[in-house]
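Written below as structure tokens is the structure these notes are about.
In our numbering, the protein residues as written are 105 to 274.
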């Protein structure tokens with residue numbers, strides 16, 4: 105299912121509705137990876153954070169606009185390295201978003217894919233989720249799964265490792 109560019113139309117041209125196929129495909133891939141990993145309920149905010157972080161990774165790493173079903177498997181290692189703990193994922197997202205925004209501005213055509221990616225990025229940055237404090241000092245007592253210290257954290261900080269783990273489990 106290759107597509108050209110980061111936006112597609114129904115093929116009729118002449119001002120028809122632009123369909124954000126690249127973003128929808130990236131979101132579909134992310135959703136499938138997370139569902140396969142069965143890490144959390146698909147209705148949870150944590151699932152959404154993981155899906156949006158993975159969808160951004162998939163969408164932004166497709167520099168040629170030619171992501172097809174056959175290439176998904178070959179891209180898993182790339183997505184795994186982009187989402188790794190020691191990588192500057194947030195900076196990479198900002199740089200790629202700026203590049204795509206500049207490219208769309210120079211082309212003079214709005215990109216529905218980019219608009220959806222921007223919405224997802226805004227949600228990941230502005231939304232905070234209550235999550236276990238991974239930086240808490242160990243040995244402060246035995247805690248159950250829900251008893252440990254929690255902290256409000258940006259959704260992307262929770263979604264990124266969930267997406268990374270989902271890729272590993274695939």
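C-beta: ideal position from N, C-alpha, C; glycine also. Note that the structure is predicted; figures quoted are calculated from it, not measured.
Spatial neighbours of residue i in its chain, beta-carbon cut-off 7 Å, leaving aside the 5 residues before and after
{"i": "residue 124", "result": "111, 216, 217, 220"}
{"i": "residue 264", "result": "157, 187, 193"}
Whole-angstrom distance between residue j and residue i, CA atom to CA atom
{"i": "residue 122", "j": "residue 213", "result": "10 Å"}
{"i": "residue 200", "j": "residue 225", "result": "12 Å"}
{"i": "residue 154", "j": "residue 266", "result": "5 Å"}
{"i": "residue 223", "j": "residue 136", "result": "20 Å"}
{"i": "residue 105", "j": "residue 134", "result": "Any reading at residue 105 needs caution, since the residue's pLDDT is 38, under 50, leaving its predicted position unreliable; the model's value is listed next. Residue 105 and residue 134: Cα-Cα distance of roughly 16 Å."}
{"i": "residue 261", "j": "residue 211", "result": "33 Å"}
{"i": "residue 177", "j": "residue 163", "result": "15 Å"}
{"i": "residue 128", "j": "residue 151", "result": "17 Å"}
{"i": "residue 165", "j": "residue 252", "result": "36 Å"}
{"i": "residue 268", "j": "residue 209", "result": "32 Å"}
{"i": "residue 145", "j": "residue 190", "result": "27 Å"}
{"i": "residue 196", "j": "residue 148", "result": "26 Å"}
{"i": "residue 198", "j": "residue 182", "result": "18 Å"}
{"i": "residue 143", "j": "residue 126", "result": "25 Å"}
As assigned by DSSP and simplified to three states, the class of residue i
{"i": "residue 258", "result": "strand"}
{"i": "residue 218", "result": "helix"}
{"i": "residue 274", "result": "coil"}
{"i": "residue 146", "result": "coil"}
{"i": "residue 236", "result": "strand"}
{"i": "residue 130", "result": "helix"}
{"i": "residue 188", "result": "coil"}
Pair within 9 Å by beta-carbon distance, residue i and residue j
{"i": "residue 161", "j": "residue 273", "result": "no"}
{"i": "residue 228", "j": "residue 257", "result": "no"}
6 Å Cβ shell around residue i - same chain, five flanking residues per side excluded
{"i": "residue 131", "result": "159"}
Residue closest to residue i, alpha-carbon to alpha-carbon, out of the options
{"i": "residue 104", "options": "253, 259, 210", "result": "With the chain covering 105 to 274 only, the question about residue 104 has no answer from this structure."}
{"i": "residue 270", "options": "256, 164, 149, 184", "result": "184"}
{"i": "residue 236", "options": "198, 191, 255", "result": "255"}
is_contact[residue i, chain B] using C-beta, thresh 9 Å
{"i": "residue 261", "result": "Protein chains in the displayed structure number just one, and chain B is not present."}
Beta-carbon contacts of residue i that lie in its chain and below 8 Å, excluding the five residues immediately before and after
{"i": "residue 180", "result": "271, 274"}
{"i": "residue 204", "result": "110, 164, 215, 218, 221"}
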